[in-house]
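A.B. asks:
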Amino acid sequence: MGPLRGADLSSLSPLERGWGEGLPEGQRQRYWYSRAALRQQLAAVLGLGPVQVPLHSPPGCPPRLDQGLGWISLSHSGEGLLIGYSRQPIGVDLEPAGRPLDAAGLLRRFYPVAEQARLQGLAGEDLRQAVLTSWVLKEAAIKWRQRSLAAELSQWCYDDSSGRLHHLGDGVQPDCRSAVHAGWRWAAVGAGCAEPSLHSASALR
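Right, here's the structure in full:
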């Protein structure tokens with residue numbers, strides 16, 4: 064976890080530079096800095112130079128490493144960036160812990176009936192926090208399976224009392240964890256993510 068901006072853009076591949084050029088300015092900078100940060104962090108893990116990291120990460124697609132080098136997931140929100148790396152599939156998500164949202168509306172529209180029933184006694188800040196925690200876990204789970212938010216969001220159900228996340232369609236219950244760090248609500252899903260190791264690259268702005 065660290066700031067979105069600040070990584071050395073000279074590590075970008077020619078393809079990444081070209082893909083970025085095709086994006087609107089705001090998206091271009093987020094794309095370039097997030098991929099440069101990804102290369103920088105993976106270089107330390109893989110024992111390579113940032114330029115040599117075999118990364119394939121076009122805009123709008125899950126980032127991938129060459130086969131056998133592990134799995135990665137990426138999330139950025141505002142000026143925050145979260146990178147997940149594992150030897151098995153992983154998904155991560157990041158949101159400001161204080162993000163305003165229509166918690167009751169999101170609950171009614173996107174959350175399964177069982178989850179609505181568990182949260183119906185909450186209101187105000189307690190409900191906002193519960194809905195946000197569930198949301199980042201579900202986004203991370205969808206990235207873990209490399210599915211689409213539109214197709215999968217309503218299929219995931221989170222039990223805040225047990226900390227369990229499960230898919231209503233096939234019953235899968237992946238390891239998961241969500242917590243608040245430095246003003247950010249983060250989530251990680253995948254094998255071993257019940258006790259992930261979280262590192263701060265530097266203080267988030």
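Last residue of the sequence shown: 268 in this note's numbering, with the numbers rising by one and none dropped.
Quick reminder that beta carbons are idealized off the backbone N, C-alpha and C, glycines included.
Remember, it's a predicted structure, so these values are computed and weren't measured experimentally.
Under the assumption that Y221 contacts L200 (Cβ atoms under 8 Å), give the Cβ distance between them as a whole number of angstroms.
C.D. replies: For this step, residue 221 is matched to residue 158 along the sequence shown. For this step, residue 200 is matched to residue 137 along the sequence shown. Going by Cβ atoms, the distance from Y221 to L200 rounds to 6 Å, so yes, they are a contact pair.
A.B. asks: Between L170 and Q179, how many whole angstroms is the CB-CB distance? I'm expecting something under 8 Å.
C.D. replies: The residue labelled residue 170 in the question sits at position 107 within the sequence shown. The residue labelled residue 179 in the question sits at position 116 within the sequence shown. 6 Å between Cβ atoms; contact.
A.B. asks: Can you tell me whether C239 is buried or exposed, with buried defined as 16 or more other CB within 10 angstroms of its CB?
C.D. replies: What you label residue 239 is simply residue 176 of the sequence shown in a count that begins at 1. Buried: at least 16 other Cβ atoms inside 10 Å.
A.B. asks: Is the beta carbon of W101 sitting closer than 8 Å to the one on I146?
C.D. replies: Translated into positions along the sequence shown, residue 101 becomes position 38. Translated into positions along the sequence shown, residue 146 becomes position 83. The sequence shown places Leu at residue 101, rather than the Trp named in the question. Yes, the pair counts as a contact, with Cβ atoms nearer than the cut-off.
A.B. asks: Taking just the CA atoms, how far does P152 sit from S197?
C.D. replies: On the sequence shown, residue 197 is found 134 positions in, with the first residue counted as 1. On the sequence shown, residue 152 is found 89 positions in, with the first residue counted as 1. The straight-line gap from Cα to Cα measures roughly 20 Å.
A.B. asks: Measuring straight from C-alpha to C-alpha, what distance separates Q192 and G110?
C.D. replies: Walking along the sequence shown from the start, residue 192 turns up at place 129. Walking along the sequence shown from the start, residue 110 turns up at place 47. Straight-line measurement puts the Cα of G110 at about 39 Å from the Cα of Q192.
A.B. asks: Quick one: grab the DSSP three-state call for L128.
C.D. replies: As a first step, residue 128 must be located in the sequence shown, where it is residue number 65. Three-state result, L128: strand.
A.B. asks: Report all residues from its chain with a CB closer than 8 Å to the CB of H139; omit the five preceding and five following residues, and keep chain order.
C.D. replies: Locating residue 139 in the sequence shown gives position 76, counting from the first residue. The residues are L67, R93, S97, L145, L157.
A.B. asks: Are the Cβ atoms of A154 and A107 separated by less than 8 Å?
C.D. replies: Residue mapping note: residue 154 aligns to position 91 of the sequence shown, counting from 1. Residue mapping note: residue 107 aligns to position 44 of the sequence shown, counting from 1. One point to set straight first is that residue 154 is Gly, not Ala, in the sequence displayed. Not in contact: G154 and A107 (Cβ atoms no closer than 8 Å).
A.B. asks: Return the CA-CA distance between P159 and L261, expressed in angstroms with no decimal places.
C.D. replies: Residue 159 sits at position 96 when you count from the first residue of the sequence shown. Residue 261 sits at position 198 when you count from the first residue of the sequence shown. Roughly 16 Å separates the two Cα atoms.
A.B. asks: Spatial neighbours of D129 within its chain, please: CB distance less than 6 Å, with the 5 preceding and 5 following residues excluded, ordered by chain position.
C.D. replies: Along the sequence shown, read from residue 1 onward, the residue named residue 129 stands at position 66. Answer for D129: P117, listed in chain order.
A.B. asks: Between which two residues does the alpha helix (DSSP H) holding R93 run?
C.D. replies: In the sequence shown, counting from the first residue as 1, residue 93 sits at position 30. Segment 88-109, the alpha helix (DSSP H) holding R93.
A.B. asks: Is P125 closer than 8 Å to Q209 when the C-beta atoms are compared?
C.D. replies: Counting from one through the sequence shown, the residue named residue 209 turns up at place 146. Counting from one through the sequence shown, the residue named residue 125 turns up at place 62. The answer is yes: Cβ separation under 8 Å.
A.B. asks: Whose C-alpha, out of P113, E79, P77, L216, is nearest the C-alpha of L231?
C.D. replies: As a first step, residue 231 must be located in the sequence shown, where it is residue number 168. Distance check between L231 and each of P113, E79, P77, L216 places L216 closest, using alpha-carbon atoms only.
A.B. asks: So S263 and G69 are in contact, right, with Cβ under 8 Å, and what is the actual spacing, rounded?
C.D. replies: Counting from 1 along the sequence shown, the entry for residue 263 is found at position 200. Counting from 1 along the sequence shown, the entry for residue 69 is found at position 6. Not quite, the Cβ-Cβ distance comes to about 13 Å (not below 8 Å), so this is no contact.
A.B. asks: Helix, strand or coil for P121 per DSSP?
C.D. replies: To locate residue 121, count along the sequence shown from 1; it is residue 58. Residue state, collapsed to three classes: coil.
A.B. asks: Can you give me the start and stop residues for the beta strand (DSSP E) that R162 sits inside?
C.D. replies: Taking the sequence shown and counting its residues from 1, one reaches residue 162 at position 99. DSSP places R162 outside any beta strand (DSSP E), giving it a letter other than H or E.
A.B. asks: For the alpha helix (DSSP H) that contains G187, what are its first and last residues?
C.D. replies: For the purposes of this step, residue 187 is taken as residue 124 along the sequence shown, with counting starting at 1. Its alpha helix (DSSP H) spans residues 187-208.
A.B. asks: Identify whether G81 lies in helix, strand or coil by the three-state DSSP scheme.
C.D. replies: Here the question's residue 81 lines up with position 18 in the sequence shown. G81: helix per DSSP, three-state reduction.
A.B. asks: By the three-class DSSP mapping on this structure, what secondary structure does R248 have?
C.D. replies: In the sequence shown, residue 248 corresponds to position 185, counting from 1. It is a strand residue.
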